[in-house]
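Right, one structure below, let's go through it.
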Amino acid sequence: MSGRGRRRSPVADKAIIAAALELFAERGLEGSSIEEIARRAGVTRATVYRRWTDKAALIAHALCKAREGDAPEVHDWGHVGADAFVRIMLEDVPETLAKPELAPLTARLLGSAQAHPELVRAYWDGYLVPRRAAFSRAIVAMQADGRLAADVDPEVLQDMISGALVYRLLLSSEPRSVDDWRAYCRALLRTLGLTA
Numbered sequence: 001m002s003g004r005g006r007r008r009s010p011v012a013d014k015a016i017i018a019a020a021l022e023l024f025a026e027r028g029l030e031g032s033s034i035e036e037i038a039r040r041a042g043v044t045r046a047t048v049y050r051r052w053t054d055k056a057a058l059i060a061h062a063l064c065k066a067r068e069g070d071a072p073e074v075h076d077w078g079h080v081g082a083d084a085f086v087r088i089m090l091e092d093v094p095e096t097l098a099k100p101e102l103a104p105l106t107a108r109l110l111g112s113a114q115a116h117p118e119l120v121r122a123y124w125d126g127y128l129v130p131r132r133a134a135f136s137r138a139i140v141a142m143q144a145d146g147r148l149a150a151d152v153d154p155e156v157l158q159d160m161i162s163g164a165l166v167y168r169l170l171l172s173s174e175p176r177s178v179d180d181w182r183a184y185c186r187a188l189l190r191t192l193g194l195t196a
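Residue numbers for the sequence shown follow the numbering used here, beginning at 1 and rising by one.
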C-alpha cells in the first residue's frame, strides 16, 4: 500500500458539486452548509472537507465547474477572429443563457457580492479572469481585421456585453428560449457595430 489513501471518486465530486449548486441556488451562501451539501450528495462531511476547506470555496469551485463547456476552451480564444466570435455569440452564448438553472445561480452570486466578496473574488479569479483575457485577445484580433474600431476598449466592450446579457437574464419576466437569446445576441452585436 502506498500510504496515499484512496483515490478521489469523480462520482462523489460530481454529486457534491451538483448538491452545492442546488443548495446555493435555493438558499444562497448563508443558507448553505457542508452538512446539507454532504447529505444531498450522499457522502460524508469528511468526504467534502477532504476536497474543500469551507462552503465558500466549494461553491466558488462548483460555480466555475457549472460553466465549463459553455463556450470553446479559453486557450482557443486567442485565435478567435471576428467570424468565430460572432458564431460563439450566436450559438454558444444563447445555449448557455437558456439553461434554466443559470438565472438563479447568477442572482445568488451577484447578491453575495457585498456580504461575501471572497466568493465573488474566487469566481472572478478562477473563471472570469482567464476568459476576459481571452476575450480581450479576440477583440484585438477583430480590431486587426478591421471589423471593430481600433479605439474600442476591450474591457469596456466586455462589460457592455456582459451587462446587457445579465440584465436581460435577471430582469426578464419570462423564460427565454435559445432562439430568443440568439435574436437578442444578434441585436446586441448589431448595436455594438459587429456584423451579425
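We put the CB at the ideal spot given by N, CA and C, even for glycine.
Cβ pair residue i, residue j closer than 8 Å
i	j	result
V43	A62	no
V20	I59	In the sequence on display, residue 20 carries Ala and not Val. Contact flag set, yes.
G28	G111	yes
R147	L97	no
Q114	F135	no
V140	P130	no
Inter-residue CB distance, residue i and residue j (contact presumed, cutoff 8 Å)
i	j	result
A15	E101	The pair is not a contact, with the Cβ atoms about 16 Å apart (cut-off 8 Å).
C64	Y123	6 Å
I34	R45	6 Å
Residue i in three-state terms, based on DSSP
i	result
G153	The question names Gly, yet the displayed sequence has Asp at residue 153. Reduced to three states, the DSSP call for D153 is coil.
R8	coil
D179	helix
D13	helix
D261	Any answer about residue 261 is impossible in this case: the structure gives the chain only from 1 up to 196.
E22	helix
A187	helix
S172	coil
T44	coil
T53	coil
K99	coil
G202	The chain is shown from 1 up to 196; residue 202 falls before or after that span and cannot be answered.
E30	coil
Y116	First, the amino acid is wrong: residue 116 is His here, not Tyr. Looking at H116 - three-state DSSP - the assignment turns out to be coil, as it is neither helix nor strand.
G111	helix
L194	coil
Of the residues the options, the one placed nearest residue i, counting alpha carbons only
i	options	result
A84	M142, D125 and L97	M142
M160	L148, Y127 and L188	L188
S32	R51, A46, A57 and P10	A57
A66	S177, A144 and E22	E22
P94	L194, S173 and V166	V166
L119	P10, E30, S9 and R8	E30
R190	W124, M89 and R121	M89
R7	T47, I17 and E36	T47
A103	R176, D92 and R45	R176
A82	I34, R137 and W52	R137
L192	D179, A149 and K99	A149
I17	A41, W181, E36 and A133	A41
L105	V178, D92, D125 and L169	L169
D180	K99, V156, A144 and E36	K99
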